[in-house]
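Peer 1: I am attaching a structure below and will ask some questions about it afterwards.
Number of protein chains: 2
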Amino acid sequence: MQPINVGVLGLGTVGAGVVRLLEVNGNEITRRAGRRIRVVHAAVRDLERARDCDTAEIRMTDQPADVVNDPDVDVVLELIGGETDAYDLVMAAIANGKHVVTANKQLIAIHGDAIFAAADQKDVVVSFEAAVAGGIPIIKVIRESLAANHIEWLAGIINGTGNFILSQMMFAGKTFAEALAEAQELGFAEADPTFDVEGIDAAHKLAILASIAFGIPLSFAKIYTQGIRELQAEDIEHAAELGYRIKHLGIAIKREEGVELRVHPALVPEQAMLATVEGEKNAVMVYADAVGPTGYYGAGAGAGPTASAVVADLVDTVRIHSIDPSGRVPHLAFQPDAINPAMILGHEEFVCGHYFRLQVADEPGVMAEITRLLAEMEISIESILQKDPIDATDDAAIIIVTKPVREGYLLRVLDQIRALPYSRAGLVHLRVADFAD
Amino acid sequence: MQPINVGVLGLGTVGAGVVRLLEVNGNEITRRAGRRIRVVHAAVRDLERARDCDTAEIRMTDQPADVVNDPDVDVVLELIGGETDAYDLVMAAIANGKHVVTANKQLIAIHGDAIFAAADQKDVVVSFEAAVAGGIPIIKVIRESLAANHIEWLAGIINGTGNFILSQMMFAGKTFAEALAEAQELGFAEADPTFDVEGIDAAHKLAILASIAFGIPLSFAKIYTQGIRELQAEDIEHAAELGYRIKHLGIAIKREEGVELRVHPALVPEQAMLATVEGEKNAVMVYADAVGPTGYYGAGAGAGPTASAVVADLVDTVRIHSIDPSGRVPHLAFQPDAINPAMILGHEEFVCGHYFRLQVADEPGVMAEITRLLAEMEISIESILQKDPIDATDDAAIIIVTKPVREGYLLRVLDQIRALPYSRAGLVHLRVADFAD
Chain A
1 MQPINVGVLG LGTVGAGVVR LLEVNGNEIT RRAGRRIRVV HAAVRDLERA
51 RDCDTAEIRM TDQPADVVND PDVDVVLELI GGETDAYDLV MAAIANGKHV
101 VTANKQLIAI HGDAIFAAAD QKDVVVSFEA AVAGGIPIIK VIRESLAANH
151 IEWLAGIING TGNFILSQMM FAGKTFAEAL AEAQELGFAE ADPTFDVEGI
201 DAAHKLAILA SIAFGIPLSF AKIYTQGIRE LQAEDIEHAA ELGYRIKHLG
251 IAIKREEGVE LRVHPALVPE QAMLATVEGE KNAVMVYADA VGPTGYYGAG
301 AGAGPTASAV VADLVDTVRI HSIDPSGRVP HLAFQPDAIN PAMILGHEEF
351 VCGHYFRLQV ADEPGVMAEI TRLLAEMEIS IESILQKDPI DATDDAAIII
401 VTKPVREGYL LRVLDQIRAL PYSRAGLVHL RVADFAD
Chain B
1 MQPINVGVLG LGTVGAGVVR LLEVNGNEIT RRAGRRIRVV HAAVRDLERA
51 RDCDTAEIRM TDQPADVVND PDVDVVLELI GGETDAYDLV MAAIANGKHV
101 VTANKQLIAI HGDAIFAAAD QKDVVVSFEA AVAGGIPIIK VIRESLAANH
151 IEWLAGIING TGNFILSQMM FAGKTFAEAL AEAQELGFAE ADPTFDVEGI
201 DAAHKLAILA SIAFGIPLSF AKIYTQGIRE LQAEDIEHAA ELGYRIKHLG
251 IAIKREEGVE LRVHPALVPE QAMLATVEGE KNAVMVYADA VGPTGYYGAG
301 AGAGPTASAV VADLVDTVRI HSIDPSGRVP HLAFQPDAIN PAMILGHEEF
351 VCGHYFRLQV ADEPGVMAEI TRLLAEMEIS IESILQKDPI DATDDAAIII
401 VTKPVREGYL LRVLDQIRAL PYSRAGLVHL RVADFAD
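First to last, the protein sequences are chains A and B.
Counted from 1, the first sequence has number 177 at position 177 by my numbering; the numbering is strictly sequential.
Counted from 1, the second sequence has number 336 at position 336 by my numbering; the numbering is strictly sequential.
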């Protein structure tokens, strides 16, 4: 059979990884796919720069439009990132009737609806397995393998940089700033780490996962997002003492009232699978009604894992050529006319356990007052830790973990606690994420 | 679009689960698949028996041939188990040009080559996601999501009954016999538990996984298989003391010399993902060259999880109708003419660490003699535990864990040790499975 010709936009770490993988495992991939997949055309910004792959057989250009318009190219692989140029090029490729494979989570999370509508119109497919959790095949699993299920929730460590930083804070006793610096030195974090540490990257991915899990439109802008920059080492320690690890999670929960979409640091019970995921690794737990909890673990980034996902999409694309478009796997898992709008809940409506730590003047009756305020709002306590004054001040630390409660109620109590005469500034508040496996 | 009509052979726990799932999640499944999937015909042994599902819309028969020959049936779902009648019925369904979905691991492991050849000839598809690891989509993951990779090894807990028994021995201090009795009471084990506890069921599944991972023929008969019946509580304790959990694993390793295929109890380092899988749950770790280690966790059996996998196969089958057969995912992951014979290694060729425990007369020089014998064969020691005599006898227990070594060398040393004058009968020998995640 004819080989499939791929045109690549961007030949950096991932692009070079894809070219190398198609070279090294080319025979084995053809033994599976039944057709050879080869890169024939690549657009790069700087033609003079050395590449981490053999480009002898590849037509090189610094004009991305050349690739998108090349009649020999069957599939365009978009690896330039960002949402502006990438959007224009992907739309141009679709307009030219080409299938697209992308690793660009930002592009899909923000412009996915427009891109998929254009693709459906032109009977081409846009694939994006590499956009979420790197080498873990979570897109295919949710779209295809769990297709018989009503998915109730998913929770994942979907940003490797953040998880690396948290592991360093936990096990190497580093501060956030020190751990971030190390991540940057090792190449796990960008020079500008905003997207990773503020949870924006995780929110892009969560928007995609929630859409394909629940059959709702992509809802990036409505995701409650909180980063890990403010995390203090002592809360990581207290959490450990109470039997939890702190992880930066993306969480999507389908409730009758609406959908919870949230990215924030969370206390995870130490025996849960997610608690055991360290370093730059990713993992996603999915709870679906028929199958129950299932978990998926692997590398969330890097040239090899991302190339693995990209090439799996290319193999699927090879197979799509002959399929009737109506029989294909829908871009967002559900048929385009079966995607239902959803009420995305505000964070006051979230239901979960809460951790808070406050400094108080070490006076009698403080604990009684705080527990009374919680009881008044019918908030049950899971555990309490009191740390006596450790320095010359008379301050003591009180750490409380509550049972699940509507967040609005808890926030009202926290306001009351902050207003108490013996409360010091700087109350720390984190959520608990108790996802059984 | 026209609904897809399913004919079911066997309406027991799983069959009734499938009918219920298609009913309860019918709308959501149609929103994904684009077509309704409905059971129209079912064959059961006893028409009088009450069923755990609504059969009002299903034509019921006690003649399986009626279902297989029904021109209204698009897909035959085989859930009767065993390898004799199931084989004849599946072959008849294929001859009639019907797609087949089955949860029957024994059938696929033993007769898969003949079944797939017949299916390829008739341009129909035989799907079997439910045959391995229940609700965990490990077949699709390996066949499709890891298609870009050269898979180096996989190791899994792929028999829930056995894992439940081991968890009970570990955490409830039960003997094998007591734990088995409990598994039988709870419905996790059959009245005749041979297939589960002797590793035969796991070997059926391993044959399938190894074939799709490595592109080799189904090799059930060549799998080295050892059960868990002989496991003693004290070895579970000693292993724990040394930092290991004992799990019943299916292991497939691709080496230059050939392929290791083995099912046996193994010591797993306690921090490995596989060590943390308890009860009737399943998990599989796969190491592939591009993506590195990935792990998959979930329910390995039960009506819901199995139905989840079966219906995912039905949805895939819906989509296959319009695809050119040459573009389909090959039954065994690799194109039929690209499946290569493989040298399946004998167990003397396996390379791994070993655990052995021996009772010796508590005399000076014993340890020196044993460690000398190991050193002569260039076998390095990972750890040693010596347990002094605990009763009136003069016996002591010596427990040694070795570093990885070719098994033939280790067995030769064990023979020498057994022949030592102060060695007591009953040396216990187990393997270590150190699969990093």
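The beta carbon of each residue, even a glycine, is placed where N, CA and C say it ideally should be.
Note that this is a predicted model, so its numbers are computed, not measured.
1. Return no unless some Cβ of chain A is closer than 9 Å to the Cβ of B:F128.
2. To the nearest angstrom, how far is it from the Cα of A:E57 to the Cα of B:L146?
3. Counting only C-beta atoms, is A:L449 closer than 9 Å to chain B at any point?
4. Under a CB-based cut-off of 9 Å, is B:Q121 close to chain A?
5. The alpha helix (DSSP H) that contains A:H204, what's its start and end?
6. Which residues of the region 145 to 173 of chain A have a Cβ closer than 8 Å to any Cβ of chain B? Give them in chain order.
7. With DSSP as the reference, label B:F356 as helix, strand or coil.
8. Do you know offhand how far B:A361's Cα is from A:G17's?
9. Can you list the residues of chain B that A:K140 reaches, using a CB-CB cut of under 9 Å?
10. Taking only three categories from DSSP, how would you classify A:K254?
11. Can you tell me where the beta strand (DSSP E) with A:R38 in it begins and where it stops?
12. Could you tell me the boundaries of the alpha helix (DSSP H) in which A:Q184 lies?
13. For a cutoff of 9 Å on Cβ pairs, would you count B:F334 as touching chain A?
14. Using a C-beta cutoff of 9 Å, does B:D434 count as contacting chain A?
15. If we call anything under 9 Å between Cβ atoms a contact, is A:A312 one with A:E129?
16. Let me check one thing: in DSSP terms, what residues is A:Y244 bridge-paired to?
17. So who's on the other strand from B:K122, going by DSSP bridges?
18. Can you name the residues of chain A whose CB is closer than 7 Å to the CB of B:P3?
19. Does the region 320 to 328 of chain A come into contact with the region 311 to 329 of chain B, if we say contact requires no fewer than three beta-carbon pairs (one atom in each stretch) closer than 8 Å?
20. Does any C-beta atom of chain B lie closer than 9 Å to the C-beta of A:S211?
21. Are the region 107 to 122 of chain B and the region 86 to 93 of chain B touching, with three or more C-beta to C-beta distances below 8 Å?
22. On the three-pair Cβ rule with 8 Å, is the region 201 to 217 of chain B touching the region 245 to 252 of chain B?
23. Suppose the cutoff is 6 Å on Cβ atoms and the five residues either side in sequence are ignored; what does the same chain contact list for A:C53 look like?
24. Straight-line CA distance for A:Y296 to B:V432?
25. Output yes or no for whether 9 Å exceeds the beta carbon distance between B:I381 and B:K403.
26. Based on Cα-Cα distance, which residue from B:Q2, B:V8, B:V6, B:G12 lies nearest to B:G302?
27. At which residues does the beta strand (DSSP E) containing A:V6 begin and terminate?
28. Tell me the DSSP secondary structure of B:H331 in three-state form.
29. In the region 293 to 311 of chain A, which residues sit with their C-beta less than 7 Å from some C-beta in chain B, listed in chain order?
30. Would you check if the distance between the CB atom of A:A309 and the CB atom of A:A103 is smaller than 9 Å?
31. Taking 7 Å as the limit between beta carbons, can you name the residues of its chain near B:V268, skipping five residues before and five after?
32. With distances taken between CB atoms, is the gap from B:V401 to B:L231 smaller than 9 Å?
33. Kindly give me the distance between the Cβ atoms of B:I4 and B:R31, rounded to whole angstroms, as I take these residues to be in contact under 8 Å.
34. Would you say A:H321 reaches chain B, if we count a Cβ-Cβ gap shorter than 9 Å as a contact?
35. Contact defined as beta carbons within less than 8 Å: I believe A:R143 pairs with A:I212. What is the distance between those atoms, to the nearest angstrom?
36. I'd like to know whether the C-beta of B:L77 is nearer than 9 Å to at least one C-beta of chain A.
Peer 2: Concretely, from the data shown:
1. no
2. 25 Å
3. Absent from the model: residue 449 of chain A. The displayed extent of chain A is 1 to 437, so no value can be given.
4. no
5. 200 to 214
6. S145, L146, A147, A148, N149, H150
7. strand
8. 60 Å
9. P137, K140, V141, E144, S145
10. strand
11. 37 to 43
12. 176 to 185
13. yes
14. no
15. yes
16. A:P269
17. B:K122 is not bridged to any residue.
18. Within 7 Å Cβ-Cβ: nothing; B:P3 doesn't reach chain A, min ~14 Å.
19. yes
20. no
21. yes
22. yes
23. A16, V19, R20
24. 24 Å
25. yes
26. B:G12
27. 4 to 9
28. coil
29. P293, T294, G295, Y296, Y297, G298, A299, G304, P305, A307, S308, V311
30. yes
31. Y244, R245, K247, L274, A275, A433
32. no
33. Going by Cβ atoms, the distance from B:I4 to B:R31 rounds to 15 Å, so no, they are not a contact pair.
34. yes
35. 5 Å
36. no
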